[in-house]
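Residue 197 in this note's numbering sits at position 196 of the sequence shown, with consecutive numbering throughout. C-beta: ideal position from N, C-alpha, C; glycine also. Taking it in order: structure first as structure tokens, then the write-up.
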Amino acid sequence: MAKDRYLEPYRQWAKHHGTGFEVTLWANPAAQSLRFEVFCQMCALANKRILDAGCSRGDFAAYMVKNNLQFSQYIGIDGLNDVITYAQQRDLPRCGFICGDFLRNPQLFGDNHPQVICISGTLNTMSDQQVIRVLDAAWNATSESLLFNFLSNLAGPAAPTQTKPARRLHTLRLLKWAATKTGRVTYRQDYFNAGHDATILMTKHGPK
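If you want it as structure tokens, here you go:
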């Protein structure tokens, strides 16, 4: 079994279909955009150094630029060279993109000393153990906040049946993990009617 099996669905799509939107494995651009909107609502990203782990084609960076969010600097990391090349060719201001596997090389999380680390969708093809390894490394590397979304196993009754390669993660375990790291945890699962997606924000500093 390949050590980077979590990347294989993306790798196979890029190999056979290229770097179009579908390589992100999101259902549609509107669903992706809504998740980005929630990120921007939950966390103050203006004037911050942002690291996007699992950035794919750089769509979150493009979303922030399009919406005139004045972040200080953005670094996107992804394990597929094809999507990183695509992201670099978008020539987005204040953005840099790196090809690397942050699960194998967690030191990548420290690139440019990020104040906020974002992880959107990337966890959904990982095992439970891999998810915690990634989140631990990201939390240790960020100076201020960790922001991540995932498919929730506490989905509402109208939620669609989840198909492979993505899977629903154990939401209460992730909340418990977050609460052991910081007293400042924000949770949202209200942005899709079916309640099948969740976002957690963890913050290190604040009023005592």
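*asked:* Closest to residue 1 by C-alpha separation, out of 158, 167 and 51, would be which residue?
replied: An answer regarding residue 1 cannot be provided, because it is not within the stretch 2 to 209 covered by the chain.
_residue 32 versus 126, 204 and 152, residue with shortest Cα-Cα distance_ = Nearest C-alpha to residue 32 among 126, 204 and 152: 152.
_I'd like to know if the segment 172 to 187 and the segment 62 to 78 are in contact, where contact means that at least 3 CB-CB pairs between them fall below 8 Å._
The segment 172 to 187 makes no contact with the segment 62 to 78, as fewer than three CB pairs between them are under 8 Å.
_Quick check: the Cα distance between residue 130 and residue 141, rounded to an integer number of angstroms?_
17 Å
_Quick check on the DSSP output: the beta strand (DSSP E) that includes residue 53 runs from which residue to which?_
50 to 54
*Would residue 119 pass as a contact of residue 198 if the rule is Cβ separation under 7 Å?*
no
*Kindly identify the DSSP beta-bridge partner or partners of residue 153.*
Note: residue 153 sits in a beta bridge opposite 170.
*asked:* Between 91, 90, 85 and 134, which has its C-alpha nearest residue 12's C-alpha?
replied: Closest option to residue 12, Cα to Cα, is 85.
*Which residues does DSSP pair with residue 201 in a beta bridge?*
149 and 188
*asked:* Please list the terminal residues of the continuous beta strand (DSSP E) segment that includes residue 60.
replied: Element bounds for residue 60: not the beta strand (DSSP E) but the alpha helix (DSSP H), 60 to 67.
*Taking DSSP as the reference, what is the three-state secondary structure of residue 100?*
strand
*Assign residue 60 to buried or exposed, taking buried as 16 or more other Cβ atoms, counted over all protein chains shown, within 10 Å of its Cβ.*
buried
*Using three-state DSSP, classify residue 34 as helix, strand or coil.*
helix
_Run through the DSSP bridge pairs and tell me what residue 117 is partnered with._
51 and 146
*Can you pull the DSSP bridge partners for residue 75?*
51 and 96
*Residue burial classification, residue 124 (beta-carbon count within 10 angstroms, cutoff 16)*: buried
*Just mark residue 45 as buried or exposed, buried being the case when its beta carbon has 16 or more other beta carbons within 10 Å.*
exposed
*Which first and last residues belong to the alpha helix (DSSP H) in which residue 90 is found?*
Per DSSP, residue 90 belongs to the alpha helix (DSSP H) from 82 to 90.
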